[in-house]
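The structure appears below as structure tokens.
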Amino acid sequence: MSTFRACLQAEILKGKRSFATWLSLFGTGANVLLFSLFYLYGPTQGTPIAQHNPWEPFVLLFFNGIAFMMLPLYVIILTSLINFQEHRSGSWNNLFALPVSRWQLYSSKQLYTLLHFIAAHLLFIAGMLLSGALIGLFRPQSGLLDAWPPPGLIAALAGQTILAILGLLAFHHWISWRFRHFIIPLTIGILGFVLSALLSPMWEGSPFFWYSIPLFYMPVVNDILEVPIYAGVGLHLWMSLFYFLLFTGIGYWNVGRRTV
């Protein structure tokens with residue numbers, strides 16, 4: 728356990744000033760600004776849709792935006808960049824020569840990628856709340872200062888966002904490790920994202936396709952689509968967890984077969 732913790736700490740240190748970190752910071756800020764401007768100058772023009780709590784449509788606008796436009800692409804680019812750090816410097820062979828199990832090396836990097844995503848998502852939520860407070864201050868008619876943000880809704884959406892990307896993250900962590908050249912996993916990811924967008928969340932196979940699940944979960948939240956519920960969790964989120972375990976297992980099997 729201490730060895731795994733040391734591997735994870737090493738990943739955190741390597742990632743502090745990496746391009747993936749800067750991408751997350753600037754990308755999160757850009758998303759918050761984009762959706763704030765859309766709220767102000769889009770079809771609703773800063774007026775609340777739900778009169779009981781104007782924060783609810785504000786929060787849903789932000790989460791609908793990232794789910795359809797940003798979420799899959801961000802996961803694809805993030806995993807590719809984090810693994811490319813090792814490929815570019817030829818570090819994987821050196822890491823495998825260390826007296827550390829390959830499982831610890833592989834899983835610690837995957838866990839770091841997931842923690843990196845969660846940190847970026849929490850930053851997105853903080854930016855969303857700050858943006859809402861500023862809009863409420865300068866545009867009182869929005870009503871955003873007359874109510875509190877709904878913590879239950881935000882927590883539920885954040886949890887579903889993280890669950891929805893697990894399968895995609897594990898798949899791209901594996902292929903980003905598997906292929907040395909950055910462009911290969913990136914191309915596979917873009918093709919998968921475009922295919923899922925063309926099929927649309929309305930496609931009956933969306934809950935079973937790891938690229939479609941991040942696009943599918945918000946229409947379910949908005950009651951546009953229905954999905955079977957098991958133990959309080961939608962089928963699409965169970966499938967994302969299943970793919971996370973499946974691709975993590977395939978990735979480790981692939982790592983174990985690699986010769987240094």
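If you count by my numbering, then the sequence shown holds residues 728 to 987, one letter each, in order.
All C-beta atoms in this analysis are idealised placements derived from N, C-alpha and C, irrespective of residue type, glycine included.
Since the model is a prediction, treat every value here as computed from it, not as a measurement.
Suppose the cutoff is 8 Å on Cβ atoms and the five residues either side in sequence are ignored; what does the same chain contact list for A885 look like? H848, L849 and I852.
Taking Cβ to Cβ, would you say P877 is nearer than 8 Å to V786? Yes, Cβ-Cβ distance for P877 and V786 is below 8 Å.
Separation of L800 from G916, as counted between CA atoms: Distance between the alpha carbons of G916 and L800: 8 Å.
Segment contact flag, the region 796-811 with the region 886-899, C-beta cutoff 8 Å, min 3 pairs: Below 8 Å, enough C-beta pairs join the region 796-811 and the region 886-899 to call them touching: three or more.
Which residues DSSP lists as bridging I862, in chain order: Paired residues: none, contrary to the question.
Between which two residues does the alpha helix (DSSP H) containing E783 stretch? Unbroken alpha helix (DSSP H) run through E783: W782 to G792.
Host alpha helix (DSSP H) of P912 (start-end): Per DSSP, P912 belongs to the alpha helix (DSSP H) from I910 to L926.
Do L767 and I862 count as a contact pair if the criterion is CB distance below 8 Å? Against a cut-off of 8 Å, the Cβ pair of L767 and I862 comes out as a contact.
Could you give the DSSP three-state label for V827: helix, strand or coil? Note: V827 maps to coil in three-state DSSP.
Could you tell me which of L918, S751, F920 and A737 sits nearest to L838, measuring between CA atoms? Nearest of L918, S751, F920 and A737 to L838, Cα basis: A737.
What's the call for H779, buried or exposed, on a 16-neighbour Cβ count within 10 Å? H779 comes out exposed.
Hey, P934 and P946: beta-carbon distance below 8 Å or not? No, these two residues do not count as a Cβ contact at 8 Å.
For V960, list the residues DSSP reports as bridge partners. Paired residues: Y957.
CA nearest to the CA of T840, picked from F906, S751 and W782: Nearest option by C-alpha distance: S751.
Here's the rule: buried if 16 or more other CB atoms are within 10 angstroms of the residue's CB, otherwise exposed. What is I739? Per the 10 Å Cβ criterion, exposed.
What's the gap between the Cα of Q868 and the Cα of P781? Pairing Q868 with P781, the inter-Cα distance amounts to about 10 Å.
Coil, strand or helix - Y768 by DSSP: DSSP, reduced to helix, strand and coil, places Y768 within a helical segment of the structure shown.
G854 and G754 - do their beta-carbons sit closer together than 8 Å? In this structure, the beta-carbon distance from G754 to G854 does not fall below 8 Å.
Collapsed DSSP secondary structure at N949 in the structure displayed: Residue state, collapsed to three classes: coil.
Sort W875, L893, L805 and A846 by Cα distance to I940 and report the nearest one. Per the C-alpha coordinates, the member of W875, L893, L805 and A846 positioned closest to I940 is L893.
What are the boundary residues of the alpha helix (DSSP H) that A882 is part of? Residues P878 to R905.
Comparing C-alpha positions only, which one of S858, P770 and N791 sits nearest to N949? Minimum Cα-Cα distance from N949 among the listed residues S858, P770 and N791 corresponds to N791.
Just how far apart, CA to CA, sit F765 and L872? Roughly 19 Å between the two C-alpha positions.
Out of L942, E931, G959 and H908, which one is the CA nearest neighbour of G919? Closest option to G919, judged by alpha-carbon separation, among L942, E931, G959 and H908: L942.
Decide if V802 is buried, meaning its Cβ has at least 16 other Cβ atoms within 10 Å, or exposed. Buried.
Using only alpha-carbon positions, find the residue among S745, L973, A846 and P826 that is nearest to T730. For T730, the closest C-alpha among the options S745, L973, A846 and P826 is that of P826.
What whole-angstrom Cβ distance do Y833 and G978 have, given they're in contact under 8 Å? Yes, they are in contact, since the Cβ atoms of Y833 and G978 sit about 6 Å apart, within 8 Å.
S745 - containing alpha helix (DSSP H), residue span: Taken as a continuous stretch (DSSP letters only), S745 belongs to no alpha helix (DSSP H), as it is neither H nor E.
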